[in-house]
Amino acid sequence: MFRVPRLCIGAIAAMVLAASAPSHAATVNLDLQHFDRSQLVSAQTAMAGYMAGVTNAHVETFEGYKPWPRQGGTQNLRHTAVGRFTPTGKAGSGDAVVGQGSKLQVRNDGSMPWGRYNTANTPALPPGVADGNWLDSNDNKGMKWTIKGVGSFNTLAFYVLDAADVGGKFSIKVGDKLYKYVAGENGRLANGNIHLVQINLDEAVDRLTIRLRHNIINDGFGIDGAVVGTLSPVPLPAGILLLAPGLALLGVPRLLARRRDTAA
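Be aware that the sequence shown starts at -17, since it is given in our numbering, and climbs by one per residue.
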């Protein structure tokens, strides 16, 4: 006679019950990889590896927008492939600022001495390291990225360029969860540094707000290669899925018998 272990019954029953349980606020998992400017290819390779597991990807590399200084460029992007970008905090006033420093700015002057440049050239993203665009904070304290209009998603990734290199401490807030001082807490980072940010959620959502900010103004940063999509879970073996309902029910008579014994 084939006997199902109690542990197996309990585990599968828990899976069945969990599937019917009411939803909760999505749990956030943030992964941050740091690269020096000389390691750009390594950062691009890491992004390509991430994208290999993403489906239904929406991608924004900012290549479709006029960069500064062409006719003033493009500011405060409100209708991109991955949502809306707006400035937050006090306006910048540093040497890297264009205009009055109160707006985000699409740029492509990769020879700028302040450490921002295009990074989105990977096998999975459109090319553009040479003369390519990125979205610049324009030395503002931060930027808010509102993801909406892309359908449901449970993963996103993007590059942050040149964070925390003049004394600022850089934080990321995902929804209500704050990741404080993920860069710069232990001192200045090198000019032109790269962070690949990957954010995974335990359930799909259709709207999310990301806030990127320094604790001071005039420590400018850029973002590039923003990706929003679905990260497919590792599938369970087909046999387990077929057995799950039956195995869960096998535990019911034992549970009822235990309750009768307790009552007696």
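We put the beta carbon where it would ideally sit given N, CA and C, even for glycine.
Computed from a prediction, not measured in an experiment: that's the story for all the values here.
Going by alpha carbons, who is nearest to residue i out of the options?
i	options	result
Thr70	Ala208, Arg195, Ala139 and Gly166	Arg195
Gly204	Lys155, Gly157 and Ala146	Ala146
Thr62	Ser75, Gly131 and Phe152	Gly131
Arg193	Asp206, Pro215, Gly157 and Gly202	Gly157
Gly74	Asn197, Asp18 and Lys123	Lys123
Thr128	Leu14, Arg189 and Lys48	Arg189
Asn197	Leu22, Met125 and Gly133	Met125
Gly150	Asp184, Tyr161, Ile199 and Glu185	Ile199
Ala7	Ser214, Asp184 and Pro215	Asp184
Gln26	Lys162, Val148, Asp121 and Thr101	Thr101
Trp50	Arg19, Phe67 and Asp91	Asp91
Gly133	Met29, Thr68 and His40	His40
Ala28	Ser20, Gln15 and Arg19	Gln15
Can you confirm whether residue i, when its beta carbon is compared against all beta carbons of chain B, has any partner nearer than 8 Å?
i	result
Gly204	Checking the listed chains, one finds no chain B in this structure; it contains a single protein chain.
Would residue i be called buried (16 or more neighbouring beta carbons within 10 Å of its own) or exposed?
i	result
Arg98	buried
Ser153	buried
Leu(-11)	Here Leu(-11) scores only 43 on pLDDT, less than 50, and its place in the model is too uncertain to base an answer on.
Val209	buried
Asp206	buried
Lys48	exposed
Val164	buried
Ala59	A quick correction: the sequence has Leu, not Ala, at residue 59. It is buried - the Cβ of Leu59 has at least 16 other Cβ atoms within 10 Å.
Leu22	buried
Pro109	Low local confidence applies: a pLDDT of 45 at Pro109 is under 50, so the model's placement there is unreliable, and no value is given.
Asp77	exposed
Asp13	exposed
Lys162	exposed
Suppose contacts are defined by Cβ-Cβ distances below 8 Å. Is residue i in contact with residue j by that definition?
i	j	result
Asp144	Gly174	yes
Val88	Gly54	no
Thr191	Thr37	no
Val10	Lys159	yes
Val187	Phe135	yes
Ser214	Gly35	yes
Inset, instruction - Tell me the start and end of each unbroken alpha helix (DSSP H) in the region 107 to 165 that is at least 4 residues and wholly inside, in chain order. - result: none
Legend entry - Contained beta strand (DSSP E) runs [length at least 3] in the region 4 to 85, N- to C-terminal order: Here the runs fully enclosed are 10 to 17, 36 to 42 and 66 to 70.
Inset, instruction - Would you check if there are 3 or more beta carbon pairs closer than 8 Å linking the region 121 to 141 to the region 173 to 185? - result: yes
Inset, instruction - Check whether the region 113 to 126 touches the region 41 to 57, counting contact only when three or more Cβ pairs, one atom from each stretch, lie closer than 8 Å. - result: The region 113 to 126 is in contact with the region 41 to 57.
Legend entry - Meets three-Cβ-pair contact criterion under 8 Å: the region 66 to 85 and the region 160 to 176: Inter-segment contact for the region 66 to 85 and the region 160 to 176 is absent: fewer than three beta-carbon pairs are separated by less than 8 Å.
Legend entry - Runs of beta strand (DSSP E) lying entirely within the region 160 to 197, each at least 3 residues, in chain order: 176 to 196
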